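Engineer: Sharing a structure with you now.
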Amino acid sequence: MNRVVHPIEVESYRRLRARLDTSHFPPLTRAVVERVIHSAADLEYATDLVMDEGDLERAHAALHSGVPVVTDVEMVAAGITRRETVCRLKDAKSGPGLTRSAHAVRLAHEQVGPGAIWVIGNAPTALEELLTLDAAPALVIGLPVGFVGAVESKAALRESGLPAVSNVSEKGGSAVASAALNALLYHPTSVSEVSEVPEEKS
Numbered sequence: 002m003n004r005v006v007h008p009i010e011v012e013s014y015r016r017l018r019a020r021l022d023t024s025h026f027p028p029l030t031r032a033v034v035e036r037v038i039h040s041a042a043d044l045e046y047a048t049d050l051v052m053d054e055g056d057l058e059r060a061h062a063a064l065h066s067g068v069p070v071v072t073d074v075e076m077v078a079a080g081i082t083r084r085e086t087v088c089r090l091k092d093a094k095s096g097p098g099l100t101r102s103a104h105a106v107r108l109a110h111e112q113v114g115p116g117a118i119w120v121i122g123n124a125p126t127a128l129e130e131l132l133t134l135d136a137a138p139a140l141v142i143g144l145p146v147g148f149v150g151a152v153e154s155k156a157a158l159r160e161s162g163l164p165a166v167s168n169v170s171e172k173g174g175s176a177v178a179s180a181a182l183n184a185l186l187y188h189p190t191s192v193s194e195v196s197e198v199p200e201e202k203s
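Per my numbering, the sequence shown starts with residue 2, numbered consecutively.
Here's what the structure looks like:
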């Protein structure tokens, strides 16, 4: 079923592209970059985000085949449309050397097993914990925000070699993390769906 794109969103994308040329990005990279910028009204994400088109292609296929989607916090989950998600933060407890966010990642991993897509937009410790697990993710969207640990956790994600979307700076957050996942959800899987993609309307 095609997503109905509101005229305001179409106009927002038109203005975005009037200020920033995204035509050189490959299709899925462009979709992620534009939707993240659209969510934050921050053009700097065009050079701040780090991702690989091949990783995105495989994640796109996995996502549309129904692999689980795990989020670190409910705010990320709330921003993801058209897909149920797993978030175990309500069940998690902090302990010595373990934050609630890290414990929630452990609980979620026990629940979903390998091959899930992980969307982390709030807690660097959640991303750090994920990197210690044998999660074999289809993709990690690692965009935690903050001045403590965010840059380091995202650098560690890139160094891990896991398929990932990350960014270099302290910026990030729930809205941009969910936007990155939504970009893959909204991107068409067939020619018949292409009408729901904003760039086709501009």
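Glycine is no exception: its CB is placed at the ideal position from the N, C-alpha and C atoms. Quick caveat: nothing in here was measured; it's all calculated off a predicted structure.
Residue 70 and residue 118 - do their beta-carbons sit closer together than 8 Å?
Structural biologist: Against a cut-off of 8 Å, the Cβ pair of residue 70 and residue 118 comes out as a contact.
Engineer: For the alpha helix (DSSP H) containing residue 30, name the first residue and the last one.
Structural biologist: Run containing residue 30: 28-41, per the alpha helix (DSSP H) assignment.
Engineer: So, does the segment 85-94 touch the segment 42-62, judging by three or more C-beta pairs under 8 Å?
Structural biologist: No contact exists between the segment 85-94 and the segment 42-62.
Engineer: May I have the straight-line CA-CA distance separating residue 24 from residue 155, to the nearest angstrom?
Structural biologist: Rounded to the nearest angstrom, the two C-alpha atoms are 26 Å apart.
Engineer: Less than 8 Å separating the beta-carbons of residue 146 and residue 165?
Structural biologist: Against a cut-off of 8 Å, the Cβ pair of residue 165 and residue 146 comes out as no contact.
Engineer: Three or more C-beta pairs closer than 8 Å, one from the segment 105-124 and one from the segment 59-74: is that the case here?
Structural biologist: Counting Cβ pairs under 8 Å, three or more are found: they touch.
Engineer: Would DSSP call residue 50 helix, strand or coil?
Structural biologist: Correct three-state label for residue 50: strand.
Engineer: Within the continuous beta strand (DSSP E) that includes residue 120, where are the two ends?
Structural biologist: Its beta strand (DSSP E) spans residues 118-121.
Engineer: From residue 153 to residue 14, what distance separates their C-alpha atoms?
Structural biologist: Cα to Cα, residue 153 sits roughly 32 Å from residue 14.
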